[in-house]
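Report on the following structure.
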Amino acid sequence: MDYNATLTIHVHKPAIESDDIDNLMEALADYHPAVGDAPACPGAINAVITLPAHTLAQAVSTAAALAAQVGDLVGIEVIPTRMWDRREGLKIDDVEFVGVSEAAIRLGITPQAVRDRIASGRLSGRKVGRNWVVSDAELSR
17 MDYNATLTIH VHKPAIESDD IDNLMEALAD YHPAVGDAPA CPGAINAVIT
67 LPAHTLAQAV STAAALAAQV GDLVGIEVIP TRMWDRREGL KIDDVEFVGV
117 SEAAIRLGIT PQAVRDRIAS GRLSGRKVGR NWVVSDAELS R
C-alpha cells in the first residue's frame, strides 16, 4: 500500500536559497517530494512524500528516518494515499488531468521544471498515488 507523509523539517542549514530546496528535493527524489514553507512552524519546511509500506507503522518509521537524513523532524502526518486523495477532494472523473510528461510537452519545458513549478506553487498539481497530475484547465491558463 502507498502512504503520503507530510514531514515538517528544520533543515540542517537554512533552506532560504533555491539550491537548498533543490538539495532537499534531491535527497527525497525517490519519494516524489513536494516541498514548501511550513506556515505553522517558522523556519521549517513541509515535504510531502509518497512511500510504499506494508503497515502504517512502517510508513511512519520510514518517513521519520528519511527526514532525519536532512534535518530535525518537527512534525509528521502519515495517511494512506487513497485517503489523502479523498481528503484533497480529488475527483478524477470530474476533471481532465495530465501527467508531468504531458504537461512538460504542452508547456515546452522539462518534466523536472514542471515538478519545480508545482513545488514552488507556480503551477497547481495534485498527487495521485506516487505521481503528480496537472489539470487540463491549469495548462490552458
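Going from the sequence shown to our numbering is simple: count from 1 and add 16. We put the CB at the ideal spot given by N, CA and C, even for glycine.
Fully enclosed by the segment 26-109, which beta strand (DSSP E) runs are 3 residues long or longer? 50-53, 61-68 and 87-96
Spatial neighbours of D88 in its chain, beta-carbon cut-off 6 Å, leaving aside the 5 residues before and after: H26
Euclidean distance between Cα positions of I92 and A21: 7 Å
Cβ shell of A54 (< 7 Å), same chain only, five flanking positions each side left out: T24, A60, I61 and N62
Cutting at 6 Å between CB atoms, please list the residues of its own chain near I65, excluding the five before and the five after it. A21, L44, Y47 and P49
Alpha carbon of R142 to alpha carbon of V86, nearest angstrom: 24 Å
Taking only three categories from DSSP, how would you classify R133? helix
DSSP on L139, reduced to helix/strand/coil? coil
With H, G and I counted as helix, E and B as strand and the rest as coil, what does DSSP make of S156? coil
Helix, strand or coil, according to DSSP, for A21 in the structure here? strand
Unbroken beta strand (DSSP E) run spanning G145, endpoints: Looking at the DSSP string, G145 is not in any beta strand (DSSP E), and its letter there is neither H nor E.
According to DSSP, what are the bridge partners of V149? G115 and R142
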